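Notes follow once the structure below has been shown.
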Amino acid sequence: MKDQLDLFIMIDACGWEIIKTRPHFLAQAAPHRRRLTSVFGYSSTCVPSILSGRWPDEHHNWCYFIHDPQHSPFAALRWLRFLPKALTSRRIVRRYLTKLVKRYLGFQGYFDLYNIPFQRIHLYDFTEKKSPLKPKGMNQGENIFDQLEAAKVPYFVTNPNESEEANRDRLNADITSECIDFAFQYWAGLDGLLHRVGNQSPEIDTKLASYEAWIMQTLQTARQHYRNVTLHVFSDHGMANCDEHLDLMRSIDALGLRIGKDYNVVYDSTMARFWFMNDNARRRITAALEKVPQGRIMPKDELKHLRAYFEDGRFGELIFLVREGCLIVPSHMGERPITAMHGYHPDDPQSFATLFSSTPDVPADVTHIPHIHRLMLDAVQARQQPVTTTFALAA
Ligand SMILES: [Zn+2]
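Numbering (my numbering), first residue to last: 1 to 395.
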């Protein structure tokens, strides 16, 4: 029997709007629930923010693709533009190519070629070359895994290359063998389901019920092997149904400006990020975007307030964001529409995240998802206290 186990379980996209009407979810395991404000961006920034306790303007893990021809690792892939689009726009072909490219370039984190056009792929760089789920995995600064290693606390972390069930079983096995004191479990299945079926589907209840059963099982195992077990279950963001599609690419293409000569752009699914090579392109694109009623150009002050402003414009000199429920399609993230999406403004209703805790002692100022890191760091630092106490007694 060991003394203390701290369990942190992240359910991707389990937003506040989804669980606020389901008061029974985790009522036994973690009855203390609260709404958390998310971080502006996608999981590519929300997860690193949770793991590091810092904001996009501090850790620099924001959006995946950026305009950076000088450092682009993709020049060698330009020959792929000769493949017929009927082939390369197919999701299954893209997925296969993604695997090959990831291995070829030695990327350690999440990687997807998505729908980036091969004829211009040499203009882009990819910003998550390391895995934020590993020590030294942040673009800047430390994450919780650096801190666990420094404190020599044995821990479990999800392997994203394995299924949810395999990770669940591996965590339970580590608990049974009492070889860990801390766990960070990351389940992405609900996110995938919500993207596919939307936030009103009855399938959500089935998925949540299985998560709850898994958590109860893990908790029961933990209590057989540890005297003290704490549990926090949380999400990174919510999910909004997309009932409106915006073909922004067509409106911008119609201006007749040249990509790579006048400007460059990444069309994410809820925002478009632009870089300009001349004033004419900046003026005309800005004017065109100002006429699009489904979204708005994010002001510098607002980006600063959201901690997602970058002085050097590396993630885009102009950020256009659509309103909740609108999907940019086609985009560089996908050729075809999907049912639901996230990555809207953090103040939009469906963006809010959740925190469920087994203890009522979560400080009131844990209000945003980066604050979850503080709960994790407190758990790590609590283990170093007995040493201090011994010294104090000896003195
Ligand atoms: Zn997602």
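Glycine included, C-beta positions come from ideal geometry on N, C-alpha and C. Computed from a prediction, not measured in an experiment: that's the story for all the values here.
What separation, rounded to the nearest whole angstrom, lies between the Cα atoms of L375 and D253?
47 Å
Flag H32 as yes when its Cβ comes closer than 7 Å to any non-hydrogen atom of ligand 1, and as no otherwise.
no
On the three-pair Cβ rule with 8 Å, is the region 276–287 touching the region 33–46?
no
Cβ separation of P69 and L123, assumed to be a contact under 8 Å, to the nearest whole Å
5 Å
Helix, strand or coil, according to DSSP, for L246 in the structure here?
strand
With respect to 7 Å, is the separation between the Cβ of S43 and the closest non-hydrogen atom of ligand 1 below this value?
yes
Tell whether a beta-carbon distance below 8 Å holds between R314 and I116.
no
Say the cut is 7 Å; is the CB of D3 nearer than that to a heavy atom of ligand 1?
no
Regarding H195 and ligand 1, is the C-beta to nearest heavy atom distance less than 7 Å?
yes
Ligand 1 heavy atom lying under 7 Å from the CB of D191:
yes
Is A240 near ligand 1, with its Cβ less than 7 Å from a heavy atom?
no
Between the alpha carbons of D112 and E58, how many angstroms are there, rounded?
24 Å
Going by beta-carbon coordinates alone, are S235 and A150 separated by less than 8 Å?
no
According to the Cβ coordinates, are C14 and S44 closer than 8 Å?
no
Is the CB-CB distance between D243 and G295 below 8 Å?
no
DSSP beta-bridge partners of P193:
Note that residue 193 is Leu in the sequence shown, not Pro. According to DSSP, L193 bridges with nothing at all.
Between which two residues does the alpha helix (DSSP H) carrying Q217 extend?
203–225
Could you check whether the region 171–186 touches the region 141–160, counting it as contact only if at least three pairs of C-beta atoms, one from each stretch, sit closer than 8 Å?
yes
8 Å Cβ shell around Q200 - same chain, five flanking residues per side excluded:
N241
Endpoints, alpha helix (DSSP H) assigned at I297
No alpha helix (DSSP H) contains I297, which is instead part of the beta strand (DSSP E) from 295–297.
Give the straight-line distance between the Cα atoms of F74 and D125, rounded to the nearest whole angstrom.
7 Å
Look at I144 and L5 and say whether their C-beta atoms are less than 8 Å apart.
no
If distances are taken between C-alpha atoms only, which option among M239, H237, N264, A76 comes closest to M249?
N264
Own chain residues within Cβ distance below 6 Å of W187, not counting five before or after
I11, E164
Considering I372, what are the terminal residues of the beta strand (DSSP E) in which it resides?
From DSSP, I372 is part of no beta strand (DSSP E) but of the alpha helix (DSSP H) over 372–382.
Find the nearest neighbour of K261 within the set R22, M271, D279, G106, judged by alpha-carbon distance.
D279
Do S38 and G141 have their C-beta atoms closer together than 8 Å?
no
Where do the N-terminal and C-terminal ends of the alpha helix (DSSP H) with Q147 fall, by residue?
144–150
Quick one: complete beta strand (DSSP E) runs, 3+ long, within the region 254–314?
263–267, 271–276, 295–297
The region 218–237 in contact with the region 350–365 per 3-pair CB rule at 8 Å:
yes
Taking buried to mean at least 16 other C-beta atoms within 10 Å of its own C-beta, is K207 buried or exposed?
buried
Answer yes or no: do K2 and H305 have a C-beta to C-beta separation smaller than 8 Å?
no
Need the endpoints of the alpha helix (DSSP H) that T402 sits in, please.
The requested residue 402 is not part of the displayed model; the chain covers only 1 to 395.
Taking 7 Å as the line, does the beta carbon of H332 fall inside it for any heavy atom of ligand 1?
no
Less than 8 Å between the C-beta atoms of D268 and H332, yes or no?
yes
Just the Cα atoms here: how many angstroms apart are P48 and S131?
9 Å
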